[in-house]
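Numbering of the sequence shown is given in the numbering used here, commencing with residue 80 and proceeding in unit increments.
Glycine is no exception: its CB is placed at the ideal position from the N, C-alpha and C atoms.
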Amino acid sequence: MVTDTERRLRADAARNAERILRTARAAFADLGPDAPLEEIARRADVRIRTLYNHFPNKADLVRAALDQSIREDLAPAAERALADDDPLHGLLSLIEAAMGLAARELNTLAAARNAGTLTAEVYTPFYESLTLLARRAQDAGLLRADLAADDLPRIMAMLTSTLWTMDPGTDGWRRYLALVFEGLTPAAANPLPSPVTLLKQQRTGDWSL
């Protein structure tokens, strides 16, 4: 039987972990992907031992911070996009949500890549939703018919690569999303070269940086 004291301790621990993750994301944004754990603990107002109790190493912390961001921002956006009666609008809104997250969390993504935790499973639910929306839009005649599933990760990689050329926190990526998206409409559907098979990125899931 769990006592009231044990419940309070567990609740306190959960709040500490939540605060550490949010603080880590802010610290990466401010200081870059190499932000030291000691500084993150200081900003979160916890002892470094408390941080390590929750996240034994930086890789665990970075992955949990990234998962928190995806859970709070991208997963709900995917649900809304899949429920949209207009699959093309849903597709665009989901890409916008992913780009917004990448722009905000660029240094967290870089930290995850550096730590080796930016694995395929991070992106799989997003790309499954993206592929489903693209197929629905193609079936409705709203998206060029020759767009292949393997094109979507490459399109996202092209778009996210623009983030490194802009000041942090800006939404200049919207210009390039508009340019790319215009090329995906049936009116712009001049014949494309044959698609090629995914290689490194297909194995690693590292599409963002």
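Annotation note: the segment 136-218 contains the following uninterrupted alpha helix (DSSP H) runs of length 4 or greater, listed N- to C-terminal: 137-148, 154-162, 166-183, 185-194, 199-218.
The continuous alpha helix (DSSP H) containing LEU256 extends over residues 252-261. Taking every protein chain shown into account, the CB of THR244 has fewer than 16 other CB atoms within 10 angstroms, so this residue is exposed.
Taking every protein chain shown into account, the CB of THR249 has fewer than 16 other CB atoms within 10 angstroms, so this residue is exposed. In this model, LEU161 and ALA177 are separated by some 14 angstroms (Cα to Cα).
If you ignore the 5 residues before and after ALA123, its C-beta comes within less than 6 angstroms of the C-beta of ARG98, ILE99, THR102, all in its own chain and listed in chain order. Membership of ASP230 in the alpha helix (DSSP H) is indicated by the continuous run 230-240. When only Cα atoms are considered, ALA228 and THR210 end up about 6 angstroms apart. Here PRO247 carries a coil assignment [DSSP, helix/strand/coil].
Between the alpha carbons of ARG94 and ALA219 lies a distance of about 46 angstroms. Spanning the alpha carbons of THR264 and LEU222 requires a straight line of approximately 5 angstroms. In this structure, THR187 sits away from VAL259, with a CB-CB distance that is not shorter than 8 angstroms. Per DSSP, the continuous alpha helix (DSSP H) segment holding ALA123 begins and ends at 116-123. ALA236 is positioned such that its CB atom lies no closer than 8 angstroms to that of PHE205. Counting other Cβ atoms within 10 Å of its Cβ, THR196 reaches 16 or more and is therefore classed as buried.
In the DSSP assignment, THR264 falls outside any alpha helix (DSSP H) and carries neither an H nor an E.
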